[in-house]
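Heads up: take any position in the sequence shown, counting from 1, add 136, and you land on the numbering used here.
Everything on this sheet refers to the single structure shown next.
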Amino acid sequence: MGSITRSVGAGGANRPADVTEIQQLLNKVPAVQGGASPPFVVFGTCDSATLAAILKFQKKQVPAFADGRIDPGGPTLAKLNALAGAPSPGPGPGPSAATGSLTDVNRARGIGQIWLAAVEPAITGFIFSVGKGLSNAQAPSLAFIEDAFHKHFKLILDPSKKDAAHPNTKVFDPVTDKTFLPFIRSTFRGVQGVVMNPGKFDLITAAKATADKASGIAAYVLKTGGNIQVSPAFNSPARGPNCQAAIVVHEAVHVVDGASGNDAAHIPEWATNDPPISGKVAPGPDAKFGKTGYDLQTPEQAMHNAAAYASFAAHVARGKDERFGDGRQTE
Ligand SMILES: [Zn+2]
137 MGSITRSVGA
147 GGANRPADVT
157 EIQQLLNKVP
167 AVQGGASPPF
177 VVFGTCDSAT
187 LAAILKFQKK
197 QVPAFADGRI
207 DPGGPTLAKL
217 NALAGAPSPG
227 PGPGPSAATG
237 SLTDVNRARG
247 IGQIWLAAVE
257 PAITGFIFSV
267 GKGLSNAQAP
277 SLAFIEDAFH
287 KHFKLILDPS
297 KKDAAHPNTK
307 VFDPVTDKTF
317 LPFIRSTFRG
327 VQGVVMNPGK
337 FDLITAAKAT
347 ADKASGIAAY
357 VLKTGGNIQV
367 SPAFNSPARG
377 PNCQAAIVVH
387 EAVHVVDGAS
397 GNDAAHIPEW
407 ATNDPPISGK
417 VAPGPDAKFG
427 KTGYDLQTPE
437 QAMHNAAAYA
447 SFAAHVARGK
457 DERFGDGRQT
467 E
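In structure tokens form, the structure reads like this:
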């Protein structure tokens with residue numbers, strides 16, 4: 137707190153110690169709030185620059201008392217003390233300007249591309265093996281690719297594969313199917329193009345994510361064909377590398393498939409009784425799906441489910457059903 141013994145400024149006593157005090161206070165107040173700009177040399181003499189600075193400050197902060205003079209205990213001195221002691225509104229604590237991390241996005245794109253690179257050979261091999269009538273011994277990867285189609289796209293090879301946990305599976309022939317497989321393959325190709333392209337990712341602040349969608353959302357796409365918006369919630373260590381890769385693949389589906397946002401299709405990979413994520417996350421009270429919603433999808437819904445694409449790609453690339461994503465955030 138600065139204090140003065142006698143008045144300073146126009147018509148004031150202007151004792152050197154008091155003038156020095158006022159000059160120092162005016163230098164501490166940010167220019168946008170009426171402080172000295174540029175800061176003047178403190179020398180204890182009330183010159184024309186000091187008089188002008190006092191008047192400028194008063195006009196900004198206490199216009200009713202803008203007479204060019206500062207009195208002990210008066211409103212100008214009170215305001216000067218308040219603003220000179222306040223934290224600077226410039227750099228320093230305040231709303232965070234942090235964004236999604238470019239390093240994390242690039243790592244996730246790399247892992248996502250490895251997963252996606254396994255998809256087309258898996259599908260081609262699946263069609264070939266089924267078409268040739270190969271046994272599991274002759275085509276060792278057949279069983280797990282079949283399992284991946286069963287779990288994520290709800291497509292099975294014959295009625296004997298139907299199980300109670302996935303009641304809406306449909307029998308399909310991958311050699312002759314014209315409904316599901318061509319759409320799924322072309323969606324995967326589009327997703328691959330998005331994930332490969334660094335220009336499809338925007339690094340944004342938490343404030344923008346909250347304004348656009350919801351607080352704490354890691355990534356989202358505002359409209360089909362748009363860019364993937366990546367917020368600080370995406371970053372390590374809150375999200376692990378496999379979770380981030382699943383997010384990137386998931387959001388890339390939203391970029392290429394306009395039907396992927398509808399509620400019946402858009403069911404997370406953790407809304408399931410399938411291991412290993414069963415029970416880790418429960419849908420909130422306002423969720424539009426049940427705990428087993430992922431299990432209950434039809435292939436017509438699953439072929440538009442962004443979570444199914446991310447889970448299928450990781451499944452065929454890694455050889456097992458793991459379902460990285462929001463149910464396994466730190467992995
Ligand atoms: Zn989504």
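Even for Gly, the Cβ is constructed at its ideal location relative to N, Cα and C.
- Cβ neighbours of I403 within its own chain (closer than 7 Å, five residues either side excluded): F425, G429, Y430, Q433, N441 and A443.
- Leaving aside the five residues that flank V198 on each side, the residues in its chain whose CB is nearer than 6 Å to its CB run, in chain order, P211, T212 and K215.
- Near ligand 1, residues with a Cβ at less than 6 Å from any of the ligand's heavy atoms are H386, H390, H402 and A442; the list follows chain order.
- At a Cβ-Cβ threshold of 8 Å, A438 and F289 count as neighbours.
- Spanning the alpha carbons of W406 and S296 requires a straight line of approximately 26 Å.
- Secondary structure of R205 (DSSP, three-state): strand.
- Annotated three-state conformation of A301 is coil, per DSSP.
- Counted as a single uninterrupted DSSP element, the beta strand (DSSP E) harbouring I364 occupies residues I364 to V366.
- Residue ranges of uninterrupted beta strand (DSSP E) with 3 or more members, entirely inside the stretch 309-342 and ordered along the chain, are 337-339.
- Between D457 and D299, the gap from beta carbon to beta carbon reaches 8 Å or more.
- When I364, N333, K349 and F316 are compared, the shortest CA-CA separation from L339 is found for I364.
- Short of 6 Å from the beta carbon of P208, and not among the five residues preceding or following it, lie these beta carbons of its own chain, in chain order: I140.
- At a Cβ-Cβ threshold of 8 Å, I247 and A381 count as neighbours.
- Rounded to the nearest whole angstrom, the C-alpha separation of A354 and A446 is 16 Å.
- Unbroken alpha helix (DSSP H) runs of no fewer than 4 residues, entirely contained in the stretch 352-392, are found at 377-392, following chain order.
- Taking the Cα positions, G145 is about 6 Å away from G204.
- Among the bridge pairs identified by DSSP, L291 is matched with K306.
- Counted as a single uninterrupted DSSP element, the stretch harbouring F179 is not any alpha helix (DSSP H), since DSSP gives it neither H nor E.
- If you check the CB distance, T235 and T346 do not come in under 8 Å.
- DSSP places V165 outside both helix and strand once states are collapsed to three, so it counts as coil.
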